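> Residue numbers (the working numbering), protein chains in the order written: chain Y, 1 to 608; chain V, 609 to 1216; chain W, 1217 to 1564; chain Z, 1565 to 1912. Structure provided below as structure tokens; questions to follow.
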Amino acid sequence: MQTQSEEARKSEKRSQIINDFSITIATVNGSGSQTSNATILRSIFKMGIPVSGKNIFPSNIQGLPTWYTVRVNKEGFVAREDESDILIEMNSATFNEDLAKLKPGGVLFCDEQIHLPFERSEIFYYPMPIKEIVRQVEAPPNLRDYLANMVYVGILAQLIGIEFEKIHQALEFHFKGKSKPVNINFEVVLRAAEWVKQHLEKKDPFYLEPMEMTKGLILTDGNTAAALGAIYGGVQFASWYPITPATSLAENLQNYLPKLRKDVDTEKNTFAVIQAEDELSAIGMAIGAGWGGLRAMTSTSGPGLSLMSEYIGLGYFAEVPVVIWDVQRIGPSTGLPTRTAQGDLTFIAFLGHGDTQHIILLPGNINEVFEFGWKAFDIAEQIQTPVIILSDLDLGMNQWMGKPFEYPDSPMKRGKVLWEKDLEQLDGKWARYLDVDGDGITYRTVIGNRHPQAAYFTRGTGHDEYSRYSEDPQNWHDLLERLRKKFVTAKPLLPKPVIERMVMSEIGIISIGSTNPAIQESRHKLAQQGIKSDFMRIRAYPFVGEEKEFIESHEINYVVEMNRDGQLNQLLRIEYPELANRLRSFAYSDGLPLTAKRLFDFIQQDKE
Amino acid sequence: MQTQSEEARKSEKRSQIINDFSITIATVNGSGSQTSNATILRSIFKMGIPVSGKNIFPSNIQGLPTWYTVRVNKEGFVAREDESDILIEMNSATFNEDLAKLKPGGVLFCDEQIHLPFERSEIFYYPMPIKEIVRQVEAPPNLRDYLANMVYVGILAQLIGIEFEKIHQALEFHFKGKSKPVNINFEVVLRAAEWVKQHLEKKDPFYLEPMEMTKGLILTDGNTAAALGAIYGGVQFASWYPITPATSLAENLQNYLPKLRKDVDTEKNTFAVIQAEDELSAIGMAIGAGWGGLRAMTSTSGPGLSLMSEYIGLGYFAEVPVVIWDVQRIGPSTGLPTRTAQGDLTFIAFLGHGDTQHIILLPGNINEVFEFGWKAFDIAEQIQTPVIILSDLDLGMNQWMGKPFEYPDSPMKRGKVLWEKDLEQLDGKWARYLDVDGDGITYRTVIGNRHPQAAYFTRGTGHDEYSRYSEDPQNWHDLLERLRKKFVTAKPLLPKPVIERMVMSEIGIISIGSTNPAIQESRHKLAQQGIKSDFMRIRAYPFVGEEKEFIESHEINYVVEMNRDGQLNQLLRIEYPELANRLRSFAYSDGLPLTAKRLFDFIQQDKE
Amino acid sequence: MTEQIEAQGKRSGVNLVGLTKMDYKGNPSTLCQGCGHNSISSQIIAACFELNVHPEEVVKFSGIGCSSKSAYYFLNRSFGFNGLHGRMPSLATGALFADYTLKGLGVSGDGDTASIGLGQFKHLLRRNMKLVYIIENNGVYGLTKGQFSATADQGLELKSHGVNPYMPVDIAWEALIGHATFVARSFAGDPKQVKELIKAALNHNGVAVLDIISPCVTFNNIDQATQSYVWGKDHETALHELSFVPRAEEILVEYNENEVKEVQLHDGSTILLKKLGRDYDPTDRSAAITILEESNACQCLITGLIYINPNQPSMVDMYNLTEKPLNRLTEVELRPKRETLLELNNTF
Amino acid sequence: MTEQIEAQGKRSGVNLVGLTKMDYKGNPSTLCQGCGHNSISSQIIAACFELNVHPEEVVKFSGIGCSSKSAYYFLNRSFGFNGLHGRMPSLATGALFADYTLKGLGVSGDGDTASIGLGQFKHLLRRNMKLVYIIENNGVYGLTKGQFSATADQGLELKSHGVNPYMPVDIAWEALIGHATFVARSFAGDPKQVKELIKAALNHNGVAVLDIISPCVTFNNIDQATQSYVWGKDHETALHELSFVPRAEEILVEYNENEVKEVQLHDGSTILLKKLGRDYDPTDRSAAITILEESNACQCLITGLIYINPNQPSMVDMYNLTEKPLNRLTEVELRPKRETLLELNNTF
Ligand SMILES: Cc1ncc(C[n+]2csc(CCOP(=O)(O)OP(=O)(O)O)c2C)c(N)n1
Ligand SMILES: Cc1ncc(C[n+]2csc(CCOP(=O)(O)OP(=O)(O)O)c2C)c(N)n1
Ligand code: SF4
Ligand code: SF4
Ligand SMILES: [Mg+2]
Ligand SMILES: [Mg+2]
């Protein structure tokens, strides 16, 4: 190993790189590095610099390699990068592979206990005397391992210029103001910084400088946003079964609901959250509750969704409003439970045997996650059908910057529900499945309605407009046609695509969900290469209609998605086959969030 | 009510209608009419006249209306017709609706105990003194109800000319040669015929005359064919859960296996059939058995298939050969359990969360049901993946004419399985997921292989080529790409479409499965109207490639299917979007088998 | 809209809530004549009529099967949901959270509950969800034509399905071990007991499991089958003569205290158990265990209230819900105030 | 190909089939240090080594969870299938039909078995499938970070998950009532007992349920939790000192007949039960019921072999299979002769 080579010294002379780099922190999971990483992220955020943090963790509890990547970018491009400028290495097991992904001229901070040789003379290398610094702090022995990770926070902070005040704020945030842990952690940070001042000379070009770009923004994860969205949507019933990466959505409900949704006078709950014994039961409960007139939901990921197929089919057919969150992880099968993808799209589009249709909402950032979180109930209750919201591990579990969550801009829409007084007015004359309004959506009553004509019988088998059992062929046919009509009625209620255009654009890019940051960055880079692009981020399925014009306005539209089979592209082909020659599929999936580079390279090569 | 009107007498003078009519027999289920109806069907078949029989029954056990329709057609067109020429009415509850579907000039045979007025002077009406005739027979009282139905067999036989010798043969077939029931039933038939001779004068124009057209053919149902196909395919393990209309498939396995598949010397079984506690378990067992090296299968219908989603996804990902029969009934949800459809196609094409692909076989007659029944094992074991065979209630439970089942024309293909001796030759050097042949299909071992290098660990989570656990992104990506390659390798093994062309054809018709008879008849009728057509019956998914040329060779191709959403059309659009403008969807689904008329009318109108 | 069922006879007397028995009827049954399930439906109707419960206050649930179909053949004025095979418990659980004032009444079959549904059934018990859960137990899958269900006798031979090789699930045992707070076994051929048990169950604050032997006359009625009419009639041994006395009513019948046991329910109503031969205390779990062990050994059909624990909180109790039923809460109650979101935003 | 595990020490002695303990090891565990599951894995390795069973003759199965992952951490030379959450029983059932000569060894968790998997677990028992079924019972879902599973104590309070409101599933009770023919309860902190039980279970001709308390040191190891190390250590009461004697071996230890009970297994091997305090006969189902009732009441962890019935045919026995394993049958044996089809065609 060598300390400071000729090479490195040369590159030192290059100009400073400010607010524009990626950091990878390589640790072992279960070691408490999450706190340290979150602290780095939030303190940079608090400095006003756009940032994102992504946790790339194994599917186990303790002892395996974990990476945390922080992207700092003054222009706001915060997609993940495959390679990083700064590597903080705390895990000898991954030293070599990590180093291979350090960009030329990058910086290596390395626990000095990792005595491994390497041959990269062009990089900047700072060994970190982790143990030694921790030893200086008075702390209970059981905390020492955790505190070790705070050392790199201090060292990094000192060298790249994270403001210590912001670190303190971040720690306060993390420990919810509890001063004891804040103080002890902060002390480690300061000592580490002190050590740097005394022992290191800064040679690398990476610097942070405060900006104003995150002012007024928030930083949180999608599963928190989803839970809050549901709560402001008036969720009354949630049943769920633990599964990564959806678990924290339900756990956030459990955390926030008691604070936000107790009756002020009586301290009684206006909600119930039930951990079911599996997903067959979770969806059954949610469908039961939705049928009973509650705003009901469940949250799961791929394997759970597969188990829910039959009940969701019943929900569609029996016309029960329910909201289902699918926080996607990469599949098929159990797959990689801690890696992300957008692979459940076609499965859901055709979910359940027989002819089915489902409304799918496709949020692309935490604000949409929040917004769709409440809107989904309005849509589900108005259309009387399951609404599935597709999030993913990246959006759900990683930290995203966003605008403050906006209070719902419209009153709750509970759909066509008849209560006692309505039935009195109607003289008891109504029929559950009679399409009186011609929009496919019929009137329903819910249990507890004491009007003697209120009750009806719900079933997954054939029925006529009066909810009587029926095997009549024409009946069945008409019922299915009415169900189809509901989805036409639904379209105006669904979020329209977000379309962003460039002047003199040449190509279109179409995508969904969490690929947004990578796409924005590639567009920027492509534009720098002279390839201007328009971007349509689809936010709902069935397609609402506006997609057509967008596609038509470009000869080539790249359909970008994180799966293997180009599932969005498949659905677009079904809907707009005549435009298929304008669609070019870019589907790539390896479990990690998309990088701008991958897309940029693809489009650039394709254009050549 | 009137007996013989002026109208009827006129029409009597029209020429005789021979071997070309439809009969509807309206009874109550659980009354034993099945024997009578089967007897009519089989005796006509034995007269050499093309015939088909369809049972339209309710989803209950006893006491509700049931219809049996027999189509007799000398040209071999035996699709169901909506209206019939002859109505045998045994159920007062449906008298009016049944009568409404009797064609003008048709014949009504009616239990004389049904005293209902009607106004159709143009029809021929024969009241049947059912009770009276049964009373003449000496029979145990508990059989009288059943025997009542034999009366209409005798009356019909005498009037339209079913040969009594054939009826006797049919009864022998039905009662497996047991002379007691054969004799008693035959006696009723003869007495009824005698009564006709003495009391009725034939006025209607409908006659049967022996032909030679069914010579050498067989008459049976698809679920029997499927079970036999599986048995000749060497099925070793079948796990199932009862569900209409798939139940009789497994029950046929249970019936035939002990006869055909006991070790001759030891009387030991070379198979196991297990009734599981549900479909989650049935598929789990089948996947376990397939993994263990058995030719394993399960059979189910829509709701069961939904429950199997997750395990089938595992089968795909863990590369386990297994054969799954989906005998479709109309859905979504519980739907109409005793009605047919082709509605599970897209659901299966995308079955399971994440990127999946599945091989679907699409038999269109009982011979293909048998053939695919054995071939499916070859395909599943060669490609190491689940193979799903889509049958439906019509194909599975109704009686179809066919050629004798043909013995498999090739030895069993067990795929790439390594046993002890193979591993010795390889010196133990192999890897479960290493694509040594470049076709995506890797070598496997199965349990019981005692070679010390034989074992490997199978899982639904990420793994490398050596079946080691892996979360490596590139690994995952490569694995999924190899899985994709398997489906390219599979294509040449899949049944090609059956293409039938007419000279100077103008349109194409594309379909799958049990719509075949209705399509053939419509083509014939359309041709008579000058609209010549070619027909492609697709028999496998993924599409094998030949579909393209067919579609290209017609400006309009009608894609005919029994579902609401045009699912085959959707899949064709995905595969051949550039040809979508040549595809016109004809999707209709009401639970009953397609009629030629409906398709004929559609195409004719469309052409106008 | 509730379908109007034609009165099939003269309207009989009205009950305390002013309704006649007709108001508790359902659609005409399409089950086989003589099916045990029909007789249970009649007792459900009679029990509700006699309990003076408004049909609108009962919600019906079922799975899939002949038994589950029967939910359509009683209480036409009650809401009902005929869900998925084996998964009625979750459906009912979710639905009943919508309005805790309602009485849930589930009807299932042995296939529905003990084969595909065993998991959901057992978890329902653990949670003590307030639901009357009737298993119409005939040992076969009636609706799919008579295959063995998980409760079929081991060794039972049926013409078209051979011999059942597996050990049966004993639903009452499962319920007891699974922490059910009300476990009864009865027999469709004993309508009086069925009716009184249903009344008691409808007033129990928790899950009430009624394992009722309900013969399938079409597929499993051979005399040797323990789920047949003949076997039941010959082997039934009632633990007690049971009658239910609602809260409002005084116990008028006079009885010898040594001969009658009283069990008081959560809502103040009472179950009276008149001794028949043995001294049996259904609140004693050990006694219940003994009786079930004995009933395995004795080859008899012991019927009656096997176990009851009237004091455990029901699942809904655990959730501390508002007094107003959840499904009647309005936007003001459901959507937190605007300020709260502003505060929250400051925490991110 | 079997992955080669680097010897992590000197090769120790060889057993009767010429293998060292290394040959029974698996991949390095990625579970938490101190996790009870690791200790059970060690005992599986030791038991198989001492039993002189070829690793190729054991087939491993598991569901999903930390416990289920552990199947990768032992017997690397055995085939293994890590299936779906809660649905290992069906997988194992199907697979073991392929070669009845193999020993099936399933590893599951309490979430896997008692929450999502309760149905499949119970049906496995009814069929008496020949499979060793180990539940590594820690009361929580370890892998998803410590939520309560169905076996968690009612009233247990965990920092991040509040108080568990529901009654726990008692796996041994469930197994006994569900007709399991071998029911044991043990404790990861009692490795000797675990090992001997595994040996006995591997030689039982039917399903062998081992409910082993296996503390989750990360999420459920507080002293009050009955699934913690401390509680287990403090409250374990062994029914007997158990040792397994294979068929071939003579029982060499001399013992007082009054102090030791022998249970002979189907294959001629023997379980020796040395009395500890009480006289307990695990072949007596009533005794087993009593002991389980008692263990509920006494607030103690009664361990040992609770029940065994060595004489009931296993599921595979019921299917009258060929002597040659099914998966070695060849085309001649599997495809009926051409003539048979001709005959069949004549019947249609
Ligand atoms: C998922 C699923 N699998 C299978 C079926 C078919 N099926 C309908 S009813 C039934 C059995 C019902 O048996 P049981 O609950 O005992 O009711 P019974 O008819 O005997 O009253 C089955 C298997 C189904 N509807 N859904
Ligand atoms: C269908 C499905 N739902 C949920 C999950 C997520 N999941 C993985 S492990 C687990 C719980 C495992 O608990 P347990 O069996 O007790 O094992 P432990 O980790 O405690 O050993 C869950 C819910 C899954 N893999 N599949
Ligand atoms: S088949 Fe059996 S269970 Fe079904 S209705 Fe008939 S008698 Fe009842
Ligand atoms: S989380 Fe618990 S169960 Fe999982 S490995 Fe760690 S200690 Fe074991
Ligand atoms: Mg039943
Ligand atoms: Mg656990």
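Heads up, the beta-carbon is just placed ideally off N, CA and C, and yes, glycines get one too. Since the structure is predicted, the reported quantities are computational estimates derived from the model, not experimental observations.
Can you find a CB in chain Z that lies within less than 8 angstroms of the CB of Thr-244 (chain Y)?
Along the first sequence, one-based indexing puts residue 244 (chain Y) at 244. Taking Cβ atoms only, chain Z reaches closer than 8 angstroms to Thr-244 (chain Y), which makes this a yes.
> Please tell me whether, using a cut-off of 7 angstroms, the distance from the CB of Asp-1717 (chain Z) to the nearest non-hydrogen atom of ligand 6 is below it.
Position 153 of the fourth sequence holds residue 1717 (chain Z). For Asp-1717 (chain Z), the shortest C-beta to heavy atom distance toward ligand 6 is 7 angstroms or greater.
> Answer yes or no: does any C-beta atom of chain V fall closer than 8 angstroms to that of Ile-287 (chain Y)?
By one-based count along the first sequence, residue 287 (chain Y) stands at place 287. Answer no: the Cβ-Cβ gap between Ile-287 (chain Y) and chain V never drops below 8 angstroms.
> Can you check whether the C-beta of Pro-140 (chain Y) is within less than 8 angstroms of a C-beta belonging to chain Z?
Against the first sequence, residue 140 (chain Y) aligns to sequence position 140. Answer no: the Cβ-Cβ gap between Pro-140 (chain Y) and chain Z never drops below 8 angstroms.
> Counting only Cβ pairs nearer than 8 angstroms, list the residues of chain V close to Gln-1684 (chain Z).
Along the fourth sequence, one-based indexing puts residue 1684 (chain Z) at 120. The contacting residues are Glu-885, Leu-888, Ser-889, Gly-892.
> Hey, Lys-656 (chain V) and Thr-822 (chain V) are a contact pair by Cβ (cut 8 angstroms); roughly how many whole angstroms apart?
Residue numbering aside, residue 656 (chain V) sits at position 48 when the second sequence is read from its first letter. Residue numbering aside, residue 822 (chain V) sits at position 214 when the second sequence is read from its first letter. What sits at residue 656 (chain V) in the sequence shown is Gly, not Lys. About 5 angstroms; that satisfies the 8 angstroms criterion.
> Could you tell me if Pro-577 (chain Y) is buried or exposed, where buried requires 16 or more neighbouring beta carbons within 10 angstroms of its beta carbon?
For the purposes of this step, residue 577 (chain Y) is taken as residue 577 along the first sequence, with counting starting at 1. Pro-577 (chain Y) comes out buried.
> Decide if Cys-1630 (chain Z) is buried, meaning its Cβ has at least 16 other Cβ atoms within 10 Å, or exposed.
To locate residue 1630 (chain Z), count along the fourth sequence from 1; it is residue 66. Buried is the call here.
> Going by the C-beta, is Thr-609 (chain Y) closer than 7 angstroms to any heavy atom of ligand 2?
Chain Y is shown only over 1 to 608; residue 609 (chain Y) falls outside these bounds and no answer can be derived.
> When you check each C-beta in the stretch 1854-1877 of chain Z against every C-beta of chain W, which residues fall closer than 8 angstroms?
Those would be Glu-1857, in chain order.
> Going by other Cβ atoms of all chains shown within 10 Å of its Cβ, with 16 needed for buried, is Gly-1225 (chain W) buried or exposed?
As a working note, residue 1225 (chain W) is residue 9 in the third sequence. Note that Gly-1225 (chain W) scores a pLDDT of 45, beneath 50, so its modelled location is shaky and nothing firm can be said.
> Is it the case that the CB of Thr-1486 (chain W) approaches a heavy atom of ligand 4 more closely than 7 angstroms?
Within the third sequence, numbered from 1, the residue matching residue 1486 (chain W) stands at position 270. Answer for Thr-1486 (chain W): no, Cβ out of range of ligand 4.
> Between the stretch 917-936 of chain V and chain Y, which residues of the former have CB atoms less than 9 angstroms from a CB of the latter, in chain order?
Ser-917, Glu-918, Tyr-919, Ile-920, Gly-921, Leu-922, Gly-923, Tyr-924, Phe-925, Ala-926, Asp-934, Gln-936
> Taking just the CA atoms, how far does Ile-775 (chain V) sit from Ser-1376 (chain W)?
Taking the third sequence and counting its residues from 1, one reaches residue 1376 (chain W) at position 160. Taking the second sequence and counting its residues from 1, one reaches residue 775 (chain V) at position 167. Between Ser-1376 (chain W) and Ile-775 (chain V), the C-alpha separation is close to 26 angstroms.
> Could you compute how far the alpha carbon of Ala-1424 (chain W) sits from the alpha carbon of Tyr-1289 (chain W)?
Here residue 1424 (chain W) refers to the residue found at position 208 when the third sequence is read from its first residue. Here residue 1289 (chain W) refers to the residue found at position 73 when the third sequence is read from its first residue. C-alpha separation (whole angstroms): 21 angstroms.
> In chain order, what residues of the same chain lie with their CB nearer than 6 angstroms to the CB of Glu-1570 (chain Z), ignoring the 5 residues before and after it?
On the fourth sequence, residue 1570 (chain Z) is found 6 positions in, with the first residue counted as 1. Model confidence at Glu-1570 (chain Z) stands at a pLDDT of 48, short of 50, so the residue's coordinates are unreliable and nothing is read from them.
> Report all residues from its chain with a CB closer than 6 angstroms to the CB of Met-1144 (chain V); omit the five preceding and five following residues, and keep chain order.
By one-based count along the second sequence, residue 1144 (chain V) stands at place 536. The residues are Pro-1105, Ile-1107, Ile-1118, Phe-1158.
> Across which residues does DSSP place Glu-1189 (chain W) in a beta bridge pair?
For chain W, the structure presents residues 1217 to 1564; residue 1189 (chain W) sits outside this window and is missing.
> Is it a yes or a no for the stretch 562-577 of chain Y touching the stretch 326-343 of chain Y, going by three-plus beta-carbon pairs under 8 angstroms?
yes
> Following the continuous alpha helix (DSSP H) through Leu-1905 (chain Z), name the residue where it begins and the one where it ends.
Residue 1905 (chain Z) sits at position 341 when you count from the first residue of the fourth sequence. Leu-1905 (chain Z) -> alpha helix (DSSP H) spans 1902-1910.
> Suppose only complete runs of 4+ residues qualify. What are the alpha helix (DSSP H) ranges in the stretch 12-90 of chain Y, listed by chain order?
33-46
> Measure from the C-beta of Trp-476 (chain Y) to each C-beta in chain W and report whether the shortest distance is under 8 angstroms.
As a working mapping, residue 476 (chain Y) is identified with position 476 in the first sequence. Under the Cβ criterion of 8 angstroms, Trp-476 (chain Y) is not counted among the residues facing chain W.
> Run down chain V in chain order and give the residues with a C-beta less than 8 angstroms from the C-beta of Ile-167 (chain Y).
Here residue 167 (chain Y) refers to the residue found at position 167 when the first sequence is read from its first residue. What Ile-167 (chain Y) touches in chain V: nothing, since even the nearest Cβ is about 31 angstroms away.
> Are the CB atoms of Val-715 (chain V) and Asp-690 (chain V) within a distance shorter than 8 angstroms?
One-based indexing of the second sequence puts residue 690 (chain V) at position 82. One-based indexing of the second sequence puts residue 715 (chain V) at position 107. No.
> Leaving out five residues before and five after Met-1565 (chain Z) in sequence, what residues of the same chain have Cβ atoms less than 8 angstroms from its Cβ?
For the purposes of this step, residue 1565 (chain Z) is identified with residue 1 of the fourth sequence, where counting begins at 1. Summary for Met-1565 (chain Z): the model assigns pLDDT 45, below 50, so the residue's position carries little reliability; its value from the coordinates is reported in the next sentence. Within the same chain, Met-1565 (chain Z) has no close Cβ partners at all.
> According to the neighbour-count rule (16 or more other Cβ atoms, all chains shown, within 10 Å of its Cβ), is Met-1005 (chain V) buried or exposed?
Mapped onto the second sequence, residue 1005 (chain V) falls at position 397. So Met-1005 (chain V) ends up on the buried side.
> Kindly identify the DSSP beta-bridge partner or partners of Asn-1298 (chain W).
On the third sequence, residue 1298 (chain W) is found 82 positions in, with the first residue counted as 1. Per DSSP, Y:Arg-459, W:Ser-1278.
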